[in-house]
Every structure is written in structure tokens, then in C-alpha cells.
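The opening residue of the sequence shown carries number 1 in UniProt numbering; numbering runs sequentially from there. Here a beta-carbon is modelled for each residue, glycine too, at the ideal position from N, C-alpha and C.
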Amino acid sequence: MALANVRAGLTCSICTNIYTDPVTLTCGHSFCQECIKVTWDKCEENEYFCPECRHRFWNRPEPKRNMRLYNIAASFHSTPAECTGSKIPCTYCISHPVPAAKTCLLCEASLCEDHLRVHSKSAEHVLTEPTTSIGNRKCSVHKKVLRYYCCEDAACICVSCSLAGEHRGHKVETLTEASEKKKKKLRNILKKLTSQRVEAEKRVQSLEEHRRQVRGKSAGVTERVTALIRDIREQLEALEKRLLSEISRQEEQVSLRVSDLIRQLEIKKEELSRKMGDIEELCDMTDPLTVLQGRESDRADYCGGQKQTDFSHVNNDEEGDVTSTPPRVEEGDGDDHIEENKDEEDDGQDNMDKVQEPNSYSLVIGHENYYQQDEGRGILDTDIYDVNFTEEDVALILMIFQNGLANILHGIKTQCCALELSDAVFCLNVSPNISLNLTTASNDVAISGDLKTISWSDLNQGLPETAERFEYPQVLSTESFSFGRHFWEVEGSESGAWRLGMAYGSAERRGKFSMMGDNNKSWALRKWDDEYVILHDNTIIYLMQKPSCNRLGLYLNCEAGRLSFYELCDPIRHLHTFTATFTEPLHVGICSSENTWILVMAAALLRTELTCPICMDIYTDPVTLTCGHNYCRLCITRTWDNQEEREYSCPECRHKFRAGWRAQGTPGGDSE
Numbered sequence: 001m002a003l004a005n006v007r008a009g010l011t012c013s014i015c016t017n018i019y020t021d022p023v024t025l026t027c028g029h030s031f032c033q034e035c036i037k038v039t040w041d042k043c044e045e046n047e048y049f050c051p052e053c054r055h056r057f058w059n060r061p062e063p064k065r066n067m068r069l070y071n072i073a074a075s076f077h078s079t080p081a082e083c084t085g086s087k088i089p090c091t092y093c094i095s096h097p098v099p100a101a102k103t104c105l106l107c108e109a110s111l112c113e114d115h116l117r118v119h120s121k122s123a124e125h126v127l128t129e130p131t132t133s134i135g136n137r138k139c140s141v142h143k144k145v146l147r148y149y150c151c152e153d154a155a156c157i158c159v160s161c162s163l164a165g166e167h168r169g170h171k172v173e174t175l176t177e178a179s180e181k182k183k184k185k186l187r188n189i190l191k192k193l194t195s196q197r198v199e200a201e202k203r204v205q206s207l208e209e210h211r212r213q214v215r216g217k218s219a220g221v222t223e224r225v226t227a228l229i230r231d232i233r234e235q236l237e238a239l240e241k242r243l244l245s246e247i248s249r250q251e252e253q254v255s256l257r258v259s260d261l262i263r264q265l266e267i268k269k270e271e272l273s274r275k276m277g278d279i280e281e282l283c284d285m286t287d288p289l290t291v292l293q294g295r296e297s298d299r300a301d302y303c304g305g306q307k308q309t310d311f312s313h314v315n316n317d318e319e320g321d322v323t324s325t326p327p328r329v330e331e332g333d334g335d336d337h338i339e340e341n342k343d344e345e346d347d348g349q350d351n352m353d354k355v356q357e358p359n360s361y362s363l364v365i366g367h368e369n370y371y372q373q374d375e376g377r378g379i380l381d382t383d384i385y386d387v388n389f390t391e392e393d394v395a396l397i398l399m400i401f402q403n404g405l406a407n408i409l410h411g412i413k414t415q416c417c418a419l420e421l422s423d424a425v426f427c428l429n430v431s432p433n434i435s436l437n438l439t440t441a442s443n444d445v446a447i448s449g450d451l452k453t454i455s456w457s458d459l460n461q462g463l464p465e466t467a468e469r470f471e472y473p474q475v476l477s478t479e480s481f482s483f484g485r486h487f488w489e490v491e492g493s494e495s496g497a498w499r500l501g502m503a504y505g506s507a508e509r510r511g512k513f514s515m516m517g518d519n520n521k522s523w524a525l526r527k528w529d530d531e532y533v534i535l536h537d538n539t540i541i542y543l544m545q546k547p548s549c550n551r552l553g554l555y556l557n558c559e560a561g562r563l564s565f566y567e568l569c570d571p572i573r574h575l576h577t578f579t580a581t582f583t584e585p586l587h588v589g590i591c592s593s594e595n596t597w598i599l600v601m602a603a604a605l606l607r608t609e610l611t612c613p614i615c616m617d618i619y620t621d622p623v624t625l626t627c628g629h630n631y632c633r634l635c636i637t638r639t640w641d642n643q644e645e646r647e648y649s650c651p652e653c654r655h656k657f658r659a660g661w662r663a664q665g666t667p668g669g670d671s672e
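Below, the structure is given as C-alpha cells:
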């Protein structure tokens, strides 16, 4: 006890630890030098004060070290830990501190094992575990040890309080009894708290598992989206290469045509240059006879082999008559004949104008038309647009582009449809096998014994008319659905009209708008021979898709408010999705007509079709080989990784491929 008091006197009021390098202020209070320094460093100038008595100092003091406190604190720091720690020392062991074993409430002293043996054993000397808080174990009024517990006031009292004090006549218990009762209550509370903690732990584990599932699903969705985007990008790149290749092909074709025309024109240009040189040479001659004879010698070359009008001889006796007989020059008469020919030439020049004139594109002196041919256009008349891209070429490029984009979009829709159906099939284990409710069936339909098939009946079924029975030939399922995801498969007759959908149980049973899809409480798809029609609230939407099979899928996601219809052909086609906020439980609804039947079932068959033959589980990121078989991408990749190079084959039909895996939406490769 004394040691505890000494410890309290050696404790710094700032750090609440034994003094370290203690200093004393002028007001008498002591602190650790570092503690008071840090405290005053935070104060404003001329605002220094003692942390205990709030005594103010006008200037910052420079406290001196208290050597006496320093020595005492130093010796206390060297005291064994068991006496200065959490254990309470014996009050009577002065020379050497010894841990106390018990504390006497009457003596207000802590006792070690040695002093406890010689201590009084009387009942007044109440022994407890070692403690320094002895004051709160005595009555504040009578200064006696607290021995009883007042049940009415929920207070610990002494003997005097129960006999003569304010608790006289109250129900009291000993502290031990009251403590045991309280412990019992606490144990019950502890049991409940333990149960709650277990539930909390289970909830935490469930949430952790849910978070892991969300992360896994997020990773799966991320992988799917990434693969889909990658596939789209690769298909666009392939389409780009195809378009550029077609443009290059057309460019090369035009270039070849242009090159051929240039070559022909170069030949023509050389020919024209030669002929122009010949003509210029003739034009430069002064001898008329030589000019005329030069034309005659080159007639075929100039006229292109056609008949040419003859100007070699002009008969003066017949004006305008042109003969084909050339003048004959005899030996010895040359001079006379030349002179005579000069006169004839003058007359012939006058008569030459009377000969049929060539057109504006003809060469003079009767030469053949060179720039205008009678039969078709010549090479010089070839228009530049004749060797350009034609409308057909541009249309071909646009057609390739449009068809490529259409195929890409179709592939995206198909993959998205497969992804949504894959997600739907994961919950099929909780989707019940529904049964048709006879109490809602019209008298115009017959329900099979297993309550799965509805068919048109020419005979009235004679069922009692109730408020639940439909007037039109339709029926609802017995089961209703307000939460979760569900999928059913429906097979119907190929011909005739029938409807499939979902409806509230409160849907109208009679009247003009009581048929499935004709009111705001039902959503339906109608199959009528070769067309699909969407119906809701008497609104009709005709679908572009034409029926290709008689099996349909119905997918309901209650939380998301989505009702989707699928055609279960190969590949599966998405037909339509309703989006709504469903306010009531939904029933499967089927409407029949003359000579039609409809079978509704759970999606066991679809689950089989969506099962990978390698892992025997629902497809994960499904891919399709060129042979038509489907697998999980990871499954077929691992299978092919174990096969030798260039020995890849389909695990089902053993169809072989020359090439291996391509990182696209579907495996690729050239088939053998």
C-alpha cells in the first residue's frame, strides 16, 4: 500500500508514467522535463502555465532538475517488474517488495503469502484478490465492509444499512448469492450473444462467399466481354482486309486496262508520227508528179486497205472526171509531155474541187478518215471513264461491307443469346416442373393426365363454371413465381395458332380482352404458322424472324423484371424480351386454338443441349467447331494442347483440322 502511494507521488501528471529527468516549477509541481517542454511548445507566447494548478508565467520558465526526485525515480525504475507492474505489493514487506496474495478489506492491507498465514482468520477480516481500490468496498455511510446486496435498490450494502439504514426491510442477499444469480443471467446473455455471434460469423462467411462469387462472376463476365470485343475486333479486321483486298483487286484491274490502253496509244502515236513525216515530206516536194506518185505508192498504208479515189490523172476533155489511168511518158518526148502535164495539172486542180469532199476529220488529198472510223470508236476515242471504277464495282464493295457487318452483328446476337441462356440454365436446379391448373382450363381444351400438355378439344369438357375458369381456350400453371430466375421449354404443333407467356393470377377470365397478351396483366408470344407476334395490353408487334422449329424457350428473371422468348433451333435464336416491373406472382400461361397442342416442361432437354461433352457441365464461354459441335473454350483448348501438332480433331466426330486453335469466339482451322 505504501509502495503504491509512493508510485503515485512519482508519477508525471502529463505522461502518467514514473518521472524521467524530473523538473520542478516555481509553483511546486513537478513534471518530466520533456513532457513540460512539449506542452509549452504548443502554447502561445506569454501564455505559459502549470498543467496542474494553471498558474500563469509571464515568461517561459527554465525549470531546474529536481535531483531528489530524480534519484527516487531512478531507484523506482530499478524495482523488479513483478512489484511495480500490474501486481500489487505486500503492504508489510518494506525492505523488499513482495507481490501480495490477498487484500484484507477490514485492515485495508495487501498481504503476501507469509503475512497471510499469520493474519486473523475471523469473519470480519474479509479477504479478496489483491486490489488498491479498497474504498469502494466499504459503505460510504457506516464505513463498514459491504456484505449484502439489496435486490430492491440494486445496491451493495453493509450490515448497518440492512438493519437500521435506508435499506431496512428490503429484500437482501449475500454478495455471493447475488453474484451467482447475476452470473447465471450473464451466462444466459452470453449464450444468446454467442448464438448471435455465430449467426454473424455465418452471415460474414455467407457474404464473403457471395463476394467471392461476385468476383468470380465479374471475372467471368469480364473475360466473356473481352473475348467478345476481341472477336468483334478480329472480325472487323478480317472484314477490313477483305474490303481492302477487293479495292486493290479492282485498282489493279483498272491499272492493267489503263496500261494496255497506254501501250496501244504509244503504238498508234508512233504510227501517226511516221505517217505525219511522210505527209510532211510530200508537202515539201515541188514536183507534182512525185507528190502524186508518192501518195499512190503509200496508198494502202494511209487508207487502211480501203478503196481510194484516184487523182493521178485528170482528163481535160471530161470536166470533173477522174480516171485511174496514169499518164504515160514516152522516151524522147519527156519535155513536151511535162509541159503538157503542167497545163493538165492546172485544169486538174480546178476539177479536184469537184470531187466528193472528205468530212472534217479526214486528211486532205483524199486520204482515208484517220480519226473517225466507220465501224465503232477507235482507240483515240476511248473515254477515260471507260477505264474507271464502275457502279458495279462500288456496289460490290458496299455489298461486301454490309454483309460483313450483318454477319458480325448476327454473331454478336447469337453469342449474347448463348451467354444469357447459360446464365439462365445455372438456376435450373431450382426451377420446378410446372403443372397445368385444371381449375383455370377452358372447357374447349383438354389437359393430359400428367398436367403437362394442352390441346384443342372439339368436345366440351363439362367442367364446372367457376370464377377461375377461362372463357377462351387457355390455362395457367398451378405454380406461381415472384422471385428467382426460371426457364422452361415448350414444344407445340407446327401448324395453327397458339400462345405462350406469363400472366398474373388476377388476370381477367372472361370478356373481349381476357386472352393471353390482350390485357395489361399478361405477356405473350403467338406462333401462327409462319410468323411470330408479340402481344401485351392489346398491343401487337410482328417479328421479323420466321419460325424455323416448333420448340420455344421461356426465361423469367423476376428481380430484373425480364421475360424473354427464345427459339430453340440450331443455333438458338432470341426472339423478344419484355421489360416490366412485376407487381404480382406470375403464372405460365398457354393458349390453344383449333387442331393445336402445346407441351410445357422444365429445361432438362435444354440443359442437356447446353452441356459440354468434355467436362459434362453447362457451357462456360462456349465455342463451335467448323464441324458443328460445341465445347467450353477452356475444355477444347486443353484437349488440343494434349494432341500432337497438326493432329487436331473434334472429340465427338473425330473430324480432323489442319490448323489448330484461333483465339476468336470460335475455334478455327481448315478442315481436311
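By DSSP, does residue i sit in helix, in strand, or in coil?
{"i": "Gly9", "result": "helix"}
{"i": "Gly169", "result": "coil"}
{"i": "Pro288", "result": "helix"}
{"i": "Arg654", "result": "coil"}
{"i": "Met601", "result": "strand"}
{"i": "Trp58", "result": "coil"}
{"i": "Ile267", "result": "helix"}
{"i": "Thr596", "result": "coil"}
{"i": "Glu280", "result": "helix"}
{"i": "Arg187", "result": "helix"}
{"i": "His119", "result": "coil"}
{"i": "Ser435", "result": "coil"}
{"i": "Met616", "result": "coil"}
{"i": "Gln205", "result": "helix"}
{"i": "Ile229", "result": "helix"}
{"i": "Gln474", "result": "strand"}
{"i": "Ala406", "result": "helix"}
{"i": "Arg65", "result": "strand"}
Run through the DSSP bridge pairs and tell me what residue i is partnered with.
{"i": "residue 703", "result": "For the chain, the structure presents residues 1 to 672; residue 703 sits outside this window and is missing."}
{"i": "Arg573", "result": "Glu567"}
{"i": "Tyr631", "result": "Val623"}
{"i": "Asn460", "result": "DSSP, once it has assigned bridges, lists no residue as partnering Asn460."}
{"i": "Tyr148", "result": "Ile157, Thr174"}
{"i": "Cys32", "result": "Pro22"}
{"i": "Val533", "result": "Arg526, Tyr542"}
{"i": "Glu491", "result": "Arg551, Leu599"}
{"i": "Phe401", "result": "Answer is none; Phe401 lacks a bridge partner."}
{"i": "Gly220", "result": "Bridge partners of Gly220: none, in fact."}
What does the Cβ neighbour count give for residue i, buried or exposed, with the cut at 16 atoms within 10 Å?
{"i": "His410", "result": "exposed"}
{"i": "Thr466", "result": "exposed"}
{"i": "residue 729", "result": "Nothing about residue 729 can be read from this structure; the chain reaches only from 1 to 672."}
{"i": "Glu199", "result": "exposed"}
{"i": "Val623", "result": "buried"}
{"i": "Val118", "result": "exposed"}
{"i": "Thr100", "result": "Reading off the sequence shown, one finds Ala at residue 100, where the question assumed Thr. So Ala100 ends up on the buried side."}
{"i": "Ala123", "result": "exposed"}
{"i": "Gln545", "result": "exposed"}
{"i": "Glu33", "result": "This sequence places Gln at residue 33; Glu is not what is there. Under this definition Gln33 is a buried residue."}
{"i": "Gln253", "result": "exposed"}
{"i": "Trp58", "result": "exposed"}
{"i": "Val145", "result": "buried"}
{"i": "Ser592", "result": "buried"}
{"i": "Val141", "result": "exposed"}
{"i": "Ser495", "result": "exposed"}
{"i": "Leu186", "result": "exposed"}
How long is the line joining the alpha carbons of residue i and residue j, rounded to whole angstroms?
{"i": "Lys413", "j": "Ser477", "result": "31 Å"}
{"i": "Glu234", "j": "Val225", "result": "14 Å"}
{"i": "Ala406", "j": "Arg242", "result": "15 Å"}
{"i": "Phe565", "j": "Cys549", "result": "14 Å"}
{"i": "Thr579", "j": "Ser493", "result": "28 Å"}
{"i": "Leu459", "j": "Ser442", "result": "11 Å"}
{"i": "Asp462", "j": "Asp444", "result": "Strictly speaking, residue 462 in this sequence is Gly, with Asp absent from that position. C-alpha separation (whole angstroms): 9 Å."}
{"i": "His29", "j": "Thr11", "result": "11 Å"}
{"i": "Ser255", "j": "Ser245", "result": "15 Å"}
{"i": "Asn520", "j": "Gly404", "result": "40 Å"}
{"i": "Glu166", "j": "Ala178", "result": "19 Å"}
Cβ of residue i within 7 Å of any heavy atom in the ligand FAD?
{"i": "Leu543", "result": "The model depicted lacks the ligand FAD and carries no ligand whatsoever."}
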